[in-house]
Amino acid sequence: MKFQAMELLFGKNTPKQMIPKVTLLAIFAILVFTVTPLSYPLFRNPSSLKNIKKTNQPSTAFDDLNESASLPSTSIKKCDIFTGEWVPNPKGPYYTNKTCWAIHEHQNCMKYGRPDSDYLKWKWKPSGCELPIFNPFQFLEIVRGKSMAFVGDSVGRNQMQSMICLLSRVEWPVVVSHSQNDYFMRWHYPTYNFTMASFWTPHLIC
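Each residue of the sequence shown is one higher than the one before, counting from 5 in this note's numbering.
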């Protein structure tokens, strides 16, 4: 009797009744994953990456580097680059908001009155080795004719911006995106036939 009373109170789920519920749940999930990214307004801003400045002048951040520089010799000793600490780097920074347009305005500490620049002069120092300075010439030669994508949230976006700034010493990229969606951008370096893309996926869990 108790079981029958509960069925009358809550209703009995038959297979026919379950189908609409599953459909509704699927539609709801699609809506959530479609609408939720719109709650990240910092990704969309007036200084969008697609509204770039027209310039043919490379950055001067790597004046001491050149195309003929050889790759650093590899050592037998292995080094864990994930174990280390941030240490002062008097030679930094390699780029700023003034030398690279790829950085968004809301990340421009200089524009909003920060008086010092010491916060830019840091580098990652692994415990067992010394990382060489990033050489944009060598990097573009390595990735010649290839593609690379940054997949993730604002962290991936920041990494993409940093890469554009680091490579600006050699060449500025050309926007080759098929859509005007800021969440999915594609850049091309014609001289090296290298394509770089950014895919916005804030719900990706690794």
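The C-beta atom is built at its ideal place from N, Cα and C for all residues, glycine as well.
Top-ranked residue by Cα proximity to residue i, from the options
i: W176; options: S166, S183, N185, K129; result: S166
i: V159; options: V180, L135, P206; result: P206
i: Q120; options: T100, M164, N139; result: It is worth fixing the name first, because residue 120 is Asp in this sequence and not Gln. With distances taken between Cα atoms, D120 lies closest to T100.
i: F143; options: D157, G117, L171, T103; result: L171
i: C83; options: K129, E109, M200; result: K129
i: K150; options: Y196, G96, Y116; result: Y196
i: N185; options: A201, H192, P194, Y193; result: A201
i: Y162; options: H110, D122, K102; result: In the sequence under discussion, the amino acid at residue 162 is Asn, which differs from the Tyr named in the question. The shortest C-alpha separation from N162 is found at H110.
i: P194; options: E145, H182, A153, S183; result: E145
i: M152; options: K102, F86, H192, A106; result: H192
i: F138; options: K115, Y98, K102, D122; result: Y98
Inter-residue CB distance, residue i and residue j (contact presumed, cutoff 8 Å)
i: F188; j: F203; result: 6 Å
i: P94; j: W126; result: So it is not a contact: roughly 10 Å between Cβ atoms.
i: F141; j: V174; result: 6 Å
i: L208; j: V155; result: 7 Å
i: C104; j: C169; result: 4 Å
i: L124; j: G96; result: 6 Å
Range covered by the beta strand (DSSP E) that runs through residue i
i: R190; result: 188-193
i: G156; result: 151-156
Per DSSP, cross-strand counterpart(s) of residue i
i: E89; result: K129
i: M201; result: Rather than Met, the amino acid found at residue 201 in this sequence is Ala. A153, R190, per the DSSP bridge assignment.
i: V179; result: W191
Test: residue i CB closer than 8 Å to a CB of chain B
i: W176; result: Structure shown: chain B not included; a single protein chain is present.
Host alpha helix (DSSP H) of residue i (start-end)
i: P206; result: No alpha helix (DSSP H) contains P206, which DSSP labels as neither H nor E.
i: F141; result: 140-146
For residue i, the three-state DSSP class (helix, strand or coil)
i: V174; result: coil
i: V159; result: helix
i: Q111; result: helix
i: L124; result: helix
i: C83; result: coil
i: Q184; result: coil
i: I168; result: helix
i: Y196; result: coil
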